[in-house]
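Undergrad: After the structure tokens below, expect a handful of questions from me.
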Amino acid sequence: MQSTPVTTRILSQALSKDLQELGYLSWVLYGTHSFRRGGCQHRIKNKGWTVDMIAAWGGWSQIEAVTMFRYFYSPNDNHEFMDDYDRNDGPNKCPRLL
1 MQSTPVTTRI
11 LSQALSKDLQ
21 ELGYLSWVLY
31 GTHSFRRGGC
41 QHRIKNKGWT
51 VDMIAAWGGW
61 SQIEAVTMFR
71 YFYSPNDNHE
81 FMDDYDRNDG
91 PNKCPRLL
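Pasting the structure below:
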């Protein structure tokens, strides 16, 4: 078991390696930021969160709405298994707003 924090570089390398081993031809499109994008998309589409809730969760101000909306939709994303990635989250709960 690793006792030091995982760096962004190590996580990115492991993600790329795993996606390649799983046979994803578009593995190069994914990086550590994919988790943030997927989290936004899942919360909007499946959890029914509002833009205010997403802004609080992502640490954005309402002025940064353009950034958030870019995250809500991407034609390259696979939406079929989104629920699997957020199974530890309670339904419709935004921790920063509770």
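Residues 1 to 98 in the UniProt record's numbering are what the sequence shown spells out, letter by letter. Note that beta-carbon positions come from the ideal geometry of N, C-alpha and C, so glycine has one too. Note that this is a predicted model, so its numbers are computed, not measured.
Rounded to whole angstroms, what's the CA-CA distance from Q54 to Y30? Just pull it up for me.
TA: The question names Gln, but residue 54 in the sequence shown is Ile. Cα to Cα, the separation comes out at about 21 Å.
Undergrad: When we look at the beta-carbon of I10 and count the other beta-carbons within 10 Å, is it buried (16 or more) or exposed?
TA: exposed
Undergrad: Report the three-state DSSP secondary structure of P91 (helix, strand or coil).
TA: Residue placement at P91 is poorly supported in this model, since its pLDDT is 49, which falls under 50; the coordinates still yield a value, given next. Here P91 sits in coil by DSSP.
Undergrad: If I'm right that L15 touches T32 with Cβ under 8 Å, what's the distance once you round it to whole angstroms?
TA: Contact between L15 and T32 holds, with the beta-carbon distance rounding to 7 Å and staying under 8 Å.
Undergrad: Cα separation between R43 and S61?
TA: 17 Å
Undergrad: Identify whether L97 lies in helix, strand or coil by the three-state DSSP scheme.
TA: Any reading at L97 needs caution, since the residue's pLDDT is 42, under 50, leaving its predicted position unreliable; the model's value is listed next. L97 falls in the helix class under three-state DSSP.
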